[in-house]
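Going by the numbering used here, the sequence shown opens with residue 212, and the numbers climb by one from there. Here's the structure we're looking at; comments come further down.
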Amino acid sequence: MRQVLMIAALPLSAAGLGLLMWSGMTTALLQLRPPGSAALHQLQLIGMLMGSALLVCGMLVRRFAPAPRLPTAPPGRRTRLLVWTTLGISVFLCALLIFGAWMRGGVWLAVLGVVQMLVAFGAVAAMASDHARPPSPPAWQQPLVLPVHLLLAMSTGLALLYLLMDRLLVSGSDGRTMLGTLAGLGICLALFKVVYWRAIDRLATAASRAHTFHAPRVAVLALAAGVPFAAWLLAPSGTVPATALLVMAASGVCAAAVLEHRLFLGEGATPARAAGHVS
């Protein structure tokens with residue numbers, strides 16, 4: 212059970228930061244339009260509350276779950292500062308939205324939304340940099356660790372935001388656009404992961420490369436890119452409800468994030484272990 216919590220800690224935090232990132236951006240963009248409906252501001256509020264809750268859960272799980280038996284550096288001061296700053300801005304934005312600040316302080320909401328987006332982005336980047344700091348395993352020091360972490364946070368956060376939009380708003384024809392966006396992010400993530408795995412495979416010995424188990428890697432690619440892409444292809448037919456397709460795509464993206472982190476931990480378990488092995 213503790214190992215499951217350890218694996219879930221980073222995906223939870225990343226999903227929360229990703230949702231806060233997108234919520235901040237949409238809050239800022241919403242202020243550039245004429246006063247919107249209450250449902251739009253309710254969407255921003257719920258998104259920030261949900262993102263904050265996921266981030267706090269991830270932090271608590273990481274705090275109390277056993278640390279991986281790896282020579283890793285603890286979270287840096289910059290990471291903690293960015294995470295807490297993101298939470299503080301989110302709480303302040305939630306308070307402003309609750310008290311109807313969009314009716315008289317739209318400019319400040321736009322500024323705070325942009326700041327939250329940038330700080331959340333920086334927090335994800337800092338978390339990825341923590342993994343790469345010495346004495347981390349060589350597989351974790353690859354340059355592609357940073358863009359992969361960012362894409363995972365953006366994908367899971369956007370998938371959750373789309374689910375909220377589908378519940379609170381009438382998406383209509385926007386459903387296929389949502390699925391296409393998730394598929395595009397998933398394809399980018401898959402490309403980065405393939406290049407990353409090729410790079411860390413070069414660090415392994417010839418014997419370990421011969422016994423590398425690729426099925427989990429294929430599963431990550433299928434969940435991250437294949438499932439959203441299949442949902443996008445099915446959308447025009449109308450045979451499957453749009454909500455079901457969106458849930459399918461979001462579930463695939465979130466499952467890919469958890470499995471990817473499981474593999475990531477296994478890839479750094481021992482220098483001699485094959486990069487694709489699961490610990």
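Glycine included, C-beta positions come from ideal geometry on N, C-alpha and C. All figures in this text were calculated on a predicted structure; none of them were measured in a lab.
Neighbourhood of G397 by C-beta distance below 6 Å, restricted to the same chain and skipping five residues each side: As a working note, residue 397 is residue 186 in the sequence shown. Taken in chain order, the residues that qualify are A435, A436, P439.
Check whether the segment 362 to 370 and the segment 220 to 237 are in contact - that is, three or more C-beta pairs closer than 8 Å. Contact holds: three or more Cβ-Cβ distances are below 8 Å.
T290, buried or exposed, once every other Cβ within 10 Å from all chains shown has been counted against 16: Start at 1 with the first residue of the sequence shown, and residue 290 comes out as number 79. If you draw a 10 Å sphere on the C-beta of T290, you find 16 or more other C-beta atoms in it, and that means buried.
Alpha carbon of L379 to alpha carbon of Q255, nearest angstrom: The sequence position of residue 379 within the sequence shown is 168, counting from 1. The sequence position of residue 255 within the sequence shown is 44, counting from 1. Using only the alpha carbons, I get a separation of about 11 Å.
Whether V326 touches H342 by CB criterion (8 Å): As a first step, residue 326 must be located in the sequence shown, where it is residue number 115. As a first step, residue 342 must be located in the sequence shown, where it is residue number 131. No. Outside cutoff.
Please determine, among C465, F475, R344, A461, the residue with the shortest C-alpha to C-alpha distance to V407. In the sequence shown, the residue the question calls residue 407 occupies position 196. The question names Val, but residue 407 is Tyr in the sequence shown. Looking at the Cα atoms, F475 is the closest of the given residues.
In this structure, how does DSSP classify G479 when only helix, strand and coil are distinguished? Start at 1 with the first residue of the sequence shown, and residue 479 comes out as number 268. G479 falls in the coil class under three-state DSSP.
Ends of the alpha helix (DSSP H) at Q327? Start at 1 with the first residue of the sequence shown, and residue 327 comes out as number 116. Per DSSP, the unbroken alpha helix (DSSP H) holding Q327 starts and ends at 317 to 343.
Given this structure, state the Cα-to-Cα distance separating T454 from A364, to the nearest angstrom. Counting from one through the sequence shown, the residue named residue 454 turns up at place 243. Counting from one through the sequence shown, the residue named residue 364 turns up at place 153. Answer to the nearest angstrom: the Cα atoms are 22 Å apart.
W295 - containing alpha helix (DSSP H), residue span: Residue mapping note: residue 295 aligns to position 84 of the sequence shown, counting from 1. In the DSSP assignment, W295 falls within the alpha helix (DSSP H) that extends over 288 to 309.
Local conformation of T366 per DSSP, three classes: Looking up residue 366 in the sequence shown gives position 155. Residue 366 is actually Ser in this sequence, not Thr. Looking at S366 - three-state DSSP - the assignment turns out to be helix.
Can you list, in chain order, the residues of its chain whose CB lies under 8 Å from that of W351, leaving out five sequence neighbours each side? To locate residue 351, count along the sequence shown from 1; it is residue 140. Scanning its chain for C-beta atoms nearer than 8 Å, with the 5 sequence neighbours on each side dropped, one finds around W351 the residues T283, H342, A343, F475, E478, G479, in chain order.
How far does the alpha helix (DSSP H) with W443 in it reach, from first residue to last? On the sequence shown, position 232 is the one that residue 443 refers to. Note, W443: alpha helix (DSSP H), 438 to 445.
At least 3 beta-carbon pairs within less than 8 Å: the segment 329 to 349 vs the segment 453 to 471: The answer is no - the segment 453 to 471 does not touch the segment 329 to 349, with fewer than three Cβ pairs under 8 Å.
Could you pull out every residue in the same chain whose Cβ sits closer than 6 Å to the Cβ of T237, ignoring the five residues on either side in sequence? Taking the sequence shown and counting its residues from 1, one reaches residue 237 at position 26. Excluding its 5 nearest sequence neighbours in each direction, T237 has no C-beta neighbour in its own chain below 6 Å.
Among the candidates A225, I218, V464, G235, whose CA atom is the shortest distance from the CA of L329? For the purposes of this step, residue 329 is identified with residue 118 of the sequence shown, where counting begins at 1. Ranking the options by Cα distance to L329, first place goes to G235.
With 16 other CB atoms within 10 Å as the buried threshold, where does G386 fall? As a first step, residue 386 must be located in the sequence shown, where it is residue number 175. If you draw a 10 Å sphere on the C-beta of G386, you find 16 or more other C-beta atoms in it, and that means buried.
DSSP three-state assignment for L241, whether helix, strand or coil: Taking the first residue of the sequence shown as position 1, residue 241 is located at position 30. Looking at L241 - three-state DSSP - the assignment turns out to be helix.
Contact check, L223 vs L265 under 8 Å by CB: the rounded distance? In the sequence shown, counting from the first residue as 1, residue 223 sits at position 12. In the sequence shown, counting from the first residue as 1, residue 265 sits at position 54. That pair is a contact at about 5 Å.
Is it right to say V302 is buried, meaning 16 or more other beta carbons lie within 10 angstroms of its own, or is it exposed? Along the sequence shown, read from residue 1 onward, the residue named residue 302 stands at position 91. V302 comes out exposed.
When burial is assigned at 16 or more other CB atoms within 10 Å of the CB, is L320 buried or exposed? Here residue 320 is taken as the residue at index 109 of the sequence shown, counted from 1. Around the beta carbon of L320, 16 or more other beta carbons sit within 10 angstroms, so the residue counts as buried.
L393 beta carbon less than 8 Å from that of A460: As a working mapping, residue 460 is identified with position 249 in the sequence shown. As a working mapping, residue 393 is identified with position 182 in the sequence shown. Yes, the pair counts as a contact, with Cβ atoms nearer than the cut-off.
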